[in-house]
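Novice: Protein chains in written order, with our numbering: chain L, 1 to 475; chain R, 1001 to 1091.
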Amino acid sequence: MKYKTVIGLEVHVQLLSKTKIFCSCSTAFGKEPNSQTCPSCLGLPGSLPVFNMEVLALSLKAALVLHCRIQKVMRFDRKNYFYPDLPKAYQISQYDMPLAQNGYLEITDDDRLKRIGITRVHLEEDAGKLIHTGAESLVDFNRCGTPLIEIVSEPDINSPDEAYQYLTKLKSILTYLEVSDCNMQEGSLRCDANISLCPVDSAELGAKAEVKNLNSFKAVRDALKYEAGRQKRLLEEGGRVTQETRLWEENKKVTLSMRSKEEAHDYRYFPEPDLPIFEINEEDIETAKRSLPELADERKSRFVEQYSLSDYDAGILTSAKPLADYYEKCLVILAEPKEVANWLAGAVMAELNARNENFSSIKLKPEELVEMIKLVRDGKINSKAAKEVVLPEIIEGGKKTSDILKEKNISQVSDEGEIGKIADEVIRRNEKSVNDFKEGKKNAIMYLVGQVMKGSKGRANPKTVKEILEKRLSE
Amino acid sequence: MDVKYTAELAKIRLNKEQVDKLGSELNDILSFFKNLKEVDTKGVEPLSHVLALKNVFRDDIVKPSLKKADVLKNAPQKDTHYIKVPRVIKG
């Protein structure tokens, strides 16, 4: 029998507000344990939650780009359970009146657009962090109360590769929006996957497994591949899939049943009495819409059209928002879209890659980069010197292009007298190439140009060199 | 009303006597709700919240947190940085 894979993803994303969702503690990552807590996020008696306005603004942006219908009234509810990372013994979440519902995200599947439905987007607070050591677990409450949105997809995903694509697209959109940094290592994006198999012609879904402990997009894809195979074997052998939670074991590349009593979930949701309801009116939605930045796909099309860039260059330059922003900052100073694109997508990216750095932390000021590009354009330095001498210096930030030019003695020499002297010397020493050229092997001149460049320590203007050589050899 | 199940969810231990006593008390409470059901609510909008307030926000401005020493003060078990609890996962 042929089976169809049915996958739904639940993605938790940390929002980039400065403070927690219901109190004024900082959300900064990597601080000393238990140094960012207060009576509210510790659940001490008498403390009350107050909703962070920025969290609403950020989550509205996310819900809007996911084409969701924003609810007119949203409410917070208590989800009750006991666990040491949850000091109040309930998580403030949303149940039947979430922020937004019924959206979609488009992925590209074999060059065809495929729409993955978004069931809902709701707000909730994160729990603390547990570190399991020996006989004890250690609790750090810094993360407790960090704002999250949970994005629940419809079971519209039909392969592990589609799941991977969905996550990649979601991350691209949310980082472009600057709603989240979606850093899986730091836990600012987490994903659980529901997967089931059913006969291709069946309308009824099979029993599903919920897969947890997925620490990278690759882990999501690997775990889903494994799980689809496991379920297929079970069904083919006439067995049944048990509805359960399974954990991905990264080292062994298998999923294992969690087998815990926790299965009997009974969260007893009820409206959070400490928070009022929130009305979201048309004006709020319009304000959020106006604050939406141009997203990667739109920006790429615009770059192709407005700046006459190739699809490839536009794709690279819009792959991350800081890079695209940087490019346009350069263009304000120097309106040479093609030239700036070549430098940025080429030499600058290569230099950053070699240093294992990425664009979001670039220290090179657009002014200095543009200064270097101008020097090359105006023939003051050649592009080799720019790439190999100037760029590695200015990319560290702090140094000015003009200072390096003085310091390194790399100004391009276009003076005919000076180049002429070197050319005469090269012609004298390379009889064979000279004769080859005179006998019609026009390419032989390139060797001579190279020798003159070498003689000038790379400072000669290659164009002038070629002209001078041609002139002398035809005399 | 399943008293034992409710007690388990609330992580409290009850003896036989308490289960019986609470069982009858809880049944009484539930029966009060039956009285409410008799009230005519035709034309009354459903209430989504008991508070008459709406849209109460704060700005996204960091304020000082508690000192770590104070945070750890109430914990029955702790080390310099963390609150300690019995190990919660097997393995």
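Yeah, the Cβ is synthetic: ideal placement off N, Cα and C, and Gly gets one too.
Who does Phe51 of chain L pair with in a DSSP beta bridge?
Specialist: Along the first sequence, one-based indexing puts residue 51 of chain L at 51. R:Phe1057.
Novice: If we define contact as Cβ-Cβ less than 7 Å, is Asn1055 of chain R a contact residue for chain L?
Specialist: Residue mapping note: residue 1055 of chain R aligns to position 55 of the second sequence, counting from 1. Yes, Asn1055 of chain R counts as interfacial toward chain L.
Novice: Would you report the Cα separation of Pro1086 of chain R and Glu236 of chain L, rounded to the nearest angstrom?
Specialist: Here residue 1086 of chain R refers to the residue found at position 86 when the second sequence is read from its first residue. Here residue 236 of chain L refers to the residue found at position 236 when the first sequence is read from its first residue. Pro1086 of chain R and Glu236 of chain L: Cα-Cα distance of roughly 43 Å.
Novice: To which residues of the same chain is Val1071 of chain R closer than 7 Å at the C-beta, ignoring the five residues directly before and after it?
Specialist: As a position in the second sequence, residue 1071 of chain R is number 71, starting the count at 1. Closer than 7 Å at Cβ, skipping near neighbours: no residue.
Novice: Any C-beta of chain L sitting closer than 7 Å to the C-beta of Val1062 of chain R?
Specialist: Counted from its first residue, the second sequence places residue 1062 of chain R at position 62. Closer than 7 Å to some Cβ of chain L, the Cβ of Val1062 of chain R qualifies, so yes.
Novice: Whole angstroms are fine: how far does the CA of Lys384 of chain L sit from the CA of Gly450 of chain L?
Specialist: Taking the first residue of the first sequence as 1, we reach residue 450 of chain L at position 450. Taking the first residue of the first sequence as 1, we reach residue 384 of chain L at position 384. If you take the alpha carbons of Gly450 of chain L and Lys384 of chain L, they lie about 13 Å apart.
Novice: What residues are listed by DSSP as bridge partners for Asn435 of chain L?
Specialist: Counting from one through the first sequence, the residue named residue 435 of chain L turns up at place 435. BP columns for Asn435 of chain L are empty, so no partner.
Novice: Quick test of your reading: Ile149 of chain L and Val13 of chain L, contact by CB under 8 Å. State the CB separation rounded to the nearest angstrom.
Specialist: Taking the first residue of the first sequence as position 1, residue 149 of chain L is located at position 149. Taking the first residue of the first sequence as position 1, residue 13 of chain L is located at position 13. Sure, about 5 Å apart at Cβ, within 8 Å.
Novice: Can you give the Cα-Cα distance for Asp1002 of chain R and Asp1020 of chain R, rounded to whole angstroms?
Specialist: Against the second sequence, residue 1002 of chain R aligns to sequence position 2. Against the second sequence, residue 1020 of chain R aligns to sequence position 20. Roughly 11 Å between the two C-alpha positions.
Novice: If I measure Cβ to Cβ from Arg120 of chain L and keep anything under 6 Å in the same chain, skipping five residues before and after, which residues do I get?
Specialist: As a first step, residue 120 of chain L must be located in the first sequence, where it is residue number 120. Closer than 6 Å at the Cβ level, and outside the excluded window around Arg120 of chain L, lie Pro98, Gln101 and Val152.
Novice: Name the chain R residues that come within less than 9 Å of Ile277 of chain L, Cβ to Cβ?
Specialist: Within the first sequence, the letter at position 277 stands for residue 277 of chain L. Those are Ser1048, His1049, Leu1051, Leu1053, Lys1054 and Asn1055, listed as they occur along chain R.
Novice: When you compare the CB of Arg1013 of chain R with every CB in chain L, is at least one pair closer than 7 Å?
Specialist: Counting from 1 along the second sequence, the entry for residue 1013 of chain R is found at position 13. Answer no: the Cβ-Cβ gap between Arg1013 of chain R and chain L never drops below 7 Å.
Novice: Please compile the residues from chain R whose C-beta is within a distance smaller than 9 Å of the C-beta of Leu130 of chain L.
Specialist: Residue mapping note: residue 130 of chain L aligns to position 130 of the first sequence, counting from 1. Within 9 Å Cβ-Cβ: Val1085, Val1088 and Ile1089.
Novice: Output, in chain order, the set of chain R residues within a Cβ distance shorter than 9 Å of Glu51 of chain L.
Specialist: Counting from one through the first sequence, the residue named residue 51 of chain L turns up at place 51. For the sequence presented, residue 51 of chain L should be read as Phe rather than Glu. By Cβ distance, chain R contributes Asn1055, Val1056, Phe1057 and Arg1058.
Novice: Below 7 Å between beta carbons: does that hold for Ile21 of chain L and Val55 of chain L?
Specialist: Position 21 of the first sequence, counted from the start, is the residue given in the question as residue 21 of chain L. Position 55 of the first sequence, counted from the start, is the residue given in the question as residue 55 of chain L. Yes, the Cβ-Cβ distance between Ile21 of chain L and Val55 of chain L is below 7 Å.
Novice: Quick check: is the beta carbon of Gln36 of chain L nearer than 7 Å to any beta carbon in chain R?
Specialist: Walking along the first sequence from the start, residue 36 of chain L turns up at place 36. Chain R contact via Cβ: present.
Novice: Check whether the Cβ of Glu25 of chain L lies closer than 7 Å to any Cβ atom in chain R.
Specialist: Within the first sequence, numbered from 1, the residue matching residue 25 of chain L stands at position 25. Note on identity: in this sequence residue 25 of chain L is Cys, with Glu being the wrong assignment. So yes, Cys25 of chain L belongs to the interface.
Novice: Once the 5 residues before and after Asp311 of chain L are set aside, which same chain residues still bring their CB inside 7 Å of it?
Specialist: Here the question's residue 311 of chain L lines up with position 311 in the first sequence. So the qualifying residues of the chain are Val304.
Novice: Could you check where the alpha helix (DSSP H) with Ser1024 of chain R kicks off and where it finishes?
Specialist: If you number the second sequence from 1, residue 1024 of chain R lands on position 24. Residues Lys1016 to Lys1037.
Novice: For Ile151 of chain L, write down the residues that DSSP places opposite it in a beta bridge.
Specialist: Reading the first sequence from its first residue, position 151 is the one you call residue 151 of chain L. L:Val11 and L:Val121.
Novice: Looking at C-alpha atoms only, which residue of L:Tyr176, L:Asn183 and L:Tyr447 is the closest neighbour of Asn215 of chain L?
Specialist: Here residue 215 of chain L refers to the residue found at position 215 when the first sequence is read from its first residue. The option with the nearest alpha carbon to Asn215 of chain L is L:Asn183.
Novice: Of all the options L:Trp248, L:Asp378 and L:Asp156, which has the alpha carbon lying nearest to the alpha carbon of Asp103 of chain L?
Specialist: Sequence index remark: in the first sequence, residue 103 of chain L carries index 103 (1-based). One detail in the question is off: residue 103 of chain L reads as Gly in this sequence, not Asp. Looking at the Cα atoms, L:Asp156 is the closest of the given residues.
Novice: In chain order, which alpha helix (DSSP H) runs of at least 4 residues are fully inside the region 308 to 349 of chain L?
Specialist: Segments of the alpha helix (DSSP H) lying fully in the region 308 to 349 of chain L: 311 to 317, 321 to 333 and 337 to 343.
Novice: Between which residues of its own chain and Leu309 of chain L is the CB-CB distance below 6 Å, once the five residues before and five after are set aside?
Specialist: Taking the first residue of the first sequence as 1, we reach residue 309 of chain L at position 309. Excluding positions up to five away in sequence, the list reads Phe303 and Ala341.
Novice: Where in the region 159 to 229 of chain L do unbroken runs of the alpha helix (DSSP H), each at least 4 residues long, occur, reported from the N-terminal end onward?
Specialist: As far as the region 159 to 229 of chain L is concerned, its whole alpha helix (DSSP H) runs of at least 4 residues are 160 to 177.
Novice: Quick check: is the beta carbon of Ser301 of chain L nearer than 7 Å to any beta carbon in chain R?
Specialist: Residue 301 of chain L sits at position 301 when you count from the first residue of the first sequence. No, Ser301 of chain L lies away from the interface with chain R (no Cβ there is under 7 Å from its Cβ).
Novice: Answer with buried or exposed for Asn1074 of chain R, where buried requires no fewer than 16 other C-beta atoms within 10 angstroms of its C-beta.
Specialist: Numbered from its first residue, the second sequence carries residue 1074 of chain R at position 74. Its Cβ having fewer than 16 others within 10 Å, Asn1074 of chain R is exposed.
Novice: With a threshold of 8 Å on Cβ separation, who are the neighbours of Lys212 of chain L within its own chain once the five nearest residues in sequence on each side are excluded?
Specialist: As a working note, residue 212 of chain L is residue 212 in the first sequence. Result list for Lys212 of chain L: Asp192, Thr245, Arg246, Leu247, Trp248 and Met258, in chain order.
Novice: Span of the beta strand (DSSP E) holding Leu105 of chain L?
Specialist: As a working note, residue 105 of chain L is residue 105 in the first sequence. Counting along the chain, the beta strand (DSSP E) containing Leu105 of chain L begins and ends at Ala100 to Asp109.
Novice: Does the distance from the C-beta atom of Val220 of chain L to that of Ala288 of chain L stay below 7 Å?
Specialist: For the purposes of this step, residue 220 of chain L is taken as residue 220 along the first sequence, with counting starting at 1. For the purposes of this step, residue 288 of chain L is taken as residue 288 along the first sequence, with counting starting at 1. Against a cut-off of 7 Å, the Cβ pair of Ala288 of chain L and Val220 of chain L comes out as no contact.
Novice: Taking Cβ-Cβ distances shorter than 7 Å, what residues in chain L pair up with Ser1024 of chain R?
Specialist: Position 24 of the second sequence, counted from the start, is the residue given in the question as residue 1024 of chain R. In chain order: nothing, as chain L lies at least about 22 Å away.
Novice: Are there 16 or more other CB atoms within 10 angstroms of the CB of His265 of chain L, so buried, or fewer, so exposed?
Specialist: Start at 1 with the first residue of the first sequence, and residue 265 of chain L comes out as number 265. Answer is exposed; the Cβ neighbour count stays below 16.
Novice: Return the CA-CA distance between Pro271 of chain L and Ile70 of chain L, expressed in angstroms with no decimal places.
Specialist: The residue you call residue 271 of chain L lines up with position 271 of the first sequence. The residue you call residue 70 of chain L lines up with position 70 of the first sequence. So the two alpha carbons sit approximately 19 Å from each other.
Novice: From Gly1091 of chain R to Asp140 of chain L, what does the alpha carbon distance come to, in whole angstroms?
Specialist: Taking the second sequence and counting its residues from 1, one reaches residue 1091 of chain R at position 91. Taking the first sequence and counting its residues from 1, one reaches residue 140 of chain L at position 140. Reliability of the predicted coordinates at Gly1091 of chain R is poor, the pLDDT of 48 falling under 50, and the value obtained from them is presented with this limitation in mind. Rounded to the nearest angstrom, the two C-alpha atoms are 21 Å apart.
Novice: If we require 4 or more residues per run, which alpha helix (DSSP H) segments fall completely within the region 390 to 431 of chain L?
Specialist: Fully enclosed alpha helix (DSSP H) runs of 4 or longer: 391 to 394, 401 to 408 and 416 to 429.
Novice: Under the assumption that Asp77 of chain L contacts Tyr226 of chain L (Cβ atoms under 8 Å), give the Cβ distance between them as a whole number of angstroms.
Specialist: On the first sequence, position 77 is the one that residue 77 of chain L refers to. On the first sequence, position 226 is the one that residue 226 of chain L refers to. Actually they are not in contact, since the Cβ atoms of Asp77 of chain L and Tyr226 of chain L sit about 35 Å apart, beyond 8 Å.
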